[in-house]
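K.L.:
After the C-alpha cells below, expect a handful of questions from me.
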Amino acid sequence: MPSYLSHLECTACGARCGADEPRNLCPACGKVLYARYDLDAAKRGVDRVALAQRAATMWRYFELMPVLDPEHVVTLGEGGTPMLRARRLEAATGARTLYLKDEGLNPTGSFKARGLSAAVSKAKELGLRRLTLPSAGNAAGALAAYCARAGMEAHVFMPNDAPDANKKESELAGASLTLVEGLISDAGALAREAAARLGLFDVSTLREPYRAEGKKTMGYEIAADLGWRLPEAIIYPTGGGTGIVGMWKAFEEMEAMGWIGAERPKMIVVQAEGCAPIVRAFEQGACFAEPWADAHTVAAGIRVPSAVGDYLILDAVRASGGTALTVTDAELLDATRRIASLEGVWPAPEGAATLSAYEHLRASGFLAPETETVLMNTGSGFKYMELV
Ligand SMILES: Cc1ncc(COP(=O)(O)O)c(C=O)c1O
5 MPSYLSHLEC
15 TACGARCGAD
25 EPRNLCPACG
35 KVLYARYDLD
45 AAKRGVDRVA
55 LAQRAATMWR
65 YFELMPVLDP
75 EHVVTLGEGG
85 TPMLRARRLE
95 AATGARTLYL
105 KDEGLNPTGS
115 FKARGLSAAV
125 SKAKELGLRR
135 LTLPSAGNAA
145 GALAAYCARA
155 GMEAHVFMPN
165 DAPDANKKES
175 ELAGASLTLV
185 EGLISDAGAL
195 AREAAARLGL
205 FDVSTLREPY
215 RAEGKKTMGY
225 EIAADLGWRL
235 PEAIIYPTGG
245 GTGIVGMWKA
255 FEEMEAMGWI
265 GAERPKMIVV
275 QAEGCAPIVR
285 AFEQGACFAE
295 PWADAHTVAA
305 GIRVPSAVGD
315 YLILDAVRAS
325 GGTALTVTDA
335 ELLDATRRIA
345 SLEGVWPAPE
355 GAATLSAYEH
365 LRASGFLAPE
375 TETVLMNTGS
385 GFKYMELV
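Per our numbering, the sequence shown starts with residue 5, numbered consecutively.
Okay, here's the thing in C-alpha cells:
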C-alpha cells in the first residue's frame with residue numbers, strides 16, 4: 005500500500021520542492037504549497053472499488069495521502085462520516101435532494117480532526133515533536149488530541165472568546181494553551197513568534213501543506229457516497245477555507261485518475277455578516293481578500309478575518325460557477341434549531357449557516373429545487389453549549 009506522494013508544488017509560482025523535510029509556505033514566493041502525487045501511477049495502482057473493503061476512515065485513501073510509512077499514521081478514526089439524506093429538510097425547503105455531510109461525528113467533534121490527523125502524522129514521519137498553531141477553537145482541540153495520541157507536544161493559541169469546550173479539550177489533552185486578547189489573526193502572530201523562539205513547528209492552516217490533505221478526503225468521500233459522481237452544489241462555511249480548497253483538489257486528483265469526469269459542483273462559500281472577507285472579495289471581482297476589520301460572529305470557526313489561501317478559495321468558487329454569500333447570526337442560530345429538530349443532528353453554528361445560505365440561494369433562484377446540494381455540517385453543536 006504505497007503512498008504516491010511525489011513532491012510539493014507552489015500553488016502560485018509553480019516552484020517544486022521535496023516533501024522529505026518540514027516545509028511551510030513556498031520558499032520562493034511565500035504562497036501556499038500543495039502536496040503532489042504521481043497520479044498516473046496511482047491510476048494504475050489503486051482500485052477505487054476495492055477501497056470500500058478497508059476501514060471507513062479517511063486513511064482508506066492512504067495511497068493519496070502524504071504519509072509514506074503506515075506506521076506513522078496517528079489516527080483516532082477520523083473520516084468516514086455519514087452523508088445523510090435530509091428528507092425532512094427537503095420537505096421543509098421544497099428541495100428534491102439535500103444531503104447533510106455530518107462532520108460532527110469526527111473525533112474531537114469537528115472536521116478539523118481530518119486535517120490535524122494528516123498534519124500530525126506527517127510531522128511525526130518528518131521527526132518533528134513540538135507543534136503549534138493558532139485556532140478559532142476546534143483546530144486547537146484536534147491538535148491537542150492528536151499530539152496526545154502521538155506523544156508529541158502541542159502549543160495552541162486561541163482567542164479569549166473561543167468556545168469553552170475548545171479550551172477545556174485542549175488543556176485536558178495536555179496542550180499548552182495561550183488565550184489571546186483579539187482574533188485568530190492575533191493568535192497567529194503569537195504562534196509564529198513562539199515557533200521562532202521555542203523551535204516549534206507551525207501547523208497553521210495552509211501555511212503547512214498537509215492539513216489540506218486530510219480535509220480533501222471529504223471530497224473523496226462525497227464522490228464515493230454518490231457512486232463516484234459529484235453533487236451539483238456544495239455549501240461550505242468558510243474561515244481559512246482549507247476544506248473547500250481541499251475538496252477542490254480532491255476533485256482534480258480523482259479526475260486525473262479517471263475516477264470521476266470533468267463535472268464539478270458549484271462550490272459555495274458562506275460566511276457570517278460580521279466577518280466576510282471572501283464574500284467581499286468575490287463580489288468585488290478581486291483575486292485576493294483584504295483583511296476584515298472588527299470581525300464578529302457567534303460562529304467562532306468562521307470568525308477569521310484573513311485567509312492565507314484566499315486566492316485558492318476564490319479560484320475554486322469562480323471556476324466552479326459557485327458563489328459566496330453571508331448570513332446573519334440570527335439566521336444561523338435559527339437554522340441550528342431547525343436542523344436539530346428536523347433531522348436529529350445538532351450542528352455547529354458554522355454548519356448551520358449552510359442551511360441559511362441554501363435558503364437564500366433558493367429564494368434568489370441561484371439554486372433550483374432540483375439542484376442536488378450537500379450542506380457541510382463541519383462540527384458538532386455539543387461544543388457550543390453556551391449558544392443554546
Ligand atoms: C466548525 C467549524 N466550521 C468551519 C470552520 C472553518 O474552517 P476553514 O478554516 O477550513 O474554512 C471552522 C474553523 O475553525 C470550524 O471549527
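For every residue, glycine included, the Cβ atom is placed at its ideal position computed from N, Cα and C.
Are the CB atoms of Ala195 and Leu137 nearer to each other than 8 angstroms?
P.N.:
In contact: Ala195 and Leu137 (Cβ atoms closer than 8 angstroms).
K.L.:
Pull every residue with its beta-carbon under 5 angstroms away from any heavy atom of ligand 1, and keep them in chain order.
P.N.:
Here the list is Ser114, Ala140, Asn142, Pro241, Thr242, Gly243, Gly244, Gly245, Thr246, Gly247, Gly305, Ala352, Glu354, Thr382, Gly383.
K.L.:
Given a threshold of 16 other Cβ atoms within 10 Å of its Cβ, counted over all protein chains shown, does Phe205 qualify as buried or as exposed?
P.N.:
Phe205 comes out buried.
K.L.:
Would a C-beta distance cut-off of 8 angstroms place Ala99 and Pro373 closer than the cut-off?
P.N.:
Taking 8 angstroms as the Cβ cut-off, Ala99 and Pro373 qualify as a contacting pair.
K.L.:
Sort out for me which residues DSSP pairs Met162 with in a bridge.
P.N.:
Per DSSP, Leu183.
K.L.:
Can Gly203 be considered in contact with ligand 3, in the sense that its beta carbon sits closer than 7 angstroms to one or more heavy atoms?
P.N.:
In the structure on display, ligand 3 does not appear, and the ligands it does have are ligand 1.
K.L.:
Looking at C-alpha atoms only, which residue of Val312, Ala361, Ile317, Asp314 is the closest neighbour of Leu336?
P.N.:
When each option's Cα is compared against that of Leu336, the closest is Ala361.
K.L.:
Please determine, among Ala169, Pro86, Leu43, Asp106, the residue with the shortest C-alpha to C-alpha distance to Ser60.
P.N.:
It should be noted that the sequence gives Ala, not Ser, for residue 60. Closest by alpha carbon: Pro86.
K.L.:
Return helix, strand or coil for Ile264, following the three-state DSSP convention.
P.N.:
Coil, per DSSP.
K.L.:
Roughly how many whole angstroms lie between the Cα atoms of Leu1 and Leu135?
P.N.:
Residue 1 lies beyond the residue range present for the chain, which begins at 5 and ends at 392; the question has no answer from this structure.
K.L.:
I need the straight-line Cα distance from Ser189 to Ser310, nearest angstrom please.
P.N.:
Distance between the alpha carbons of Ser189 and Ser310: 7 angstroms.
K.L.:
Going by CA-CA distance only, name the one from Pro353, Lys172, Ser7 that's closest to Pro74.
P.N.:
Comparing Cα-Cα distances from Pro74 to each of Pro353, Lys172, Ser7, the minimum goes to Ser7.
K.L.:
Residues in the same chain with beta-carbon distance under 8 angstroms from Ala227, minus the five sequence neighbours each way, listed in chain order, please.
P.N.:
Here the set comprises Arg233, Leu234, Ala254, Phe255, Met258, Trp263, Ile264.
K.L.:
Around the C-beta of Glu390, are 16 or more other C-beta atoms found within 10 angstroms, so that it is buried, or is it exposed?
P.N.:
It counts as exposed.
K.L.:
To which residues of the same chain is Leu43 closer than 8 angstroms at the C-beta, ignoring the five residues directly before and after it?
P.N.:
Only Tyr8, Glu257, Ala260, Met261 meet the Cβ criterion.
K.L.:
Starting from the N-terminal side, write out each stretch of the beta strand (DSSP E) that is 3 residues or longer and does not extend beyond the region 300-378.
P.N.:
Counting whole runs of 3 or more residues, the region 300-378 contains the beta strand (DSSP E) stretches 327-331.
K.L.:
Determine the contact status of Glu217 and Pro70, defining contact as a CB-CB distance below 8 angstroms.
P.N.:
Yes, these two residues count as a Cβ contact at 8 angstroms.
K.L.:
In this structure, what does DSSP give as the bridge partners for Thr209?
P.N.:
Note: Thr209 sits in a beta bridge opposite Glu212.
K.L.:
Pair every Cβ in the region 115-124 with every Cβ in the region 364-379, then say whether three or more of these pairs are closer than 8 angstroms.
P.N.:
No, the region 115-124 is not in contact with the region 364-379.
K.L.:
Would you tell me roughly how many angstroms separate the C-alpha atoms of Val50 and Arg341, rounded to the nearest one?
P.N.:
Each residue's Cα considered, the two are about 42 angstroms apart.
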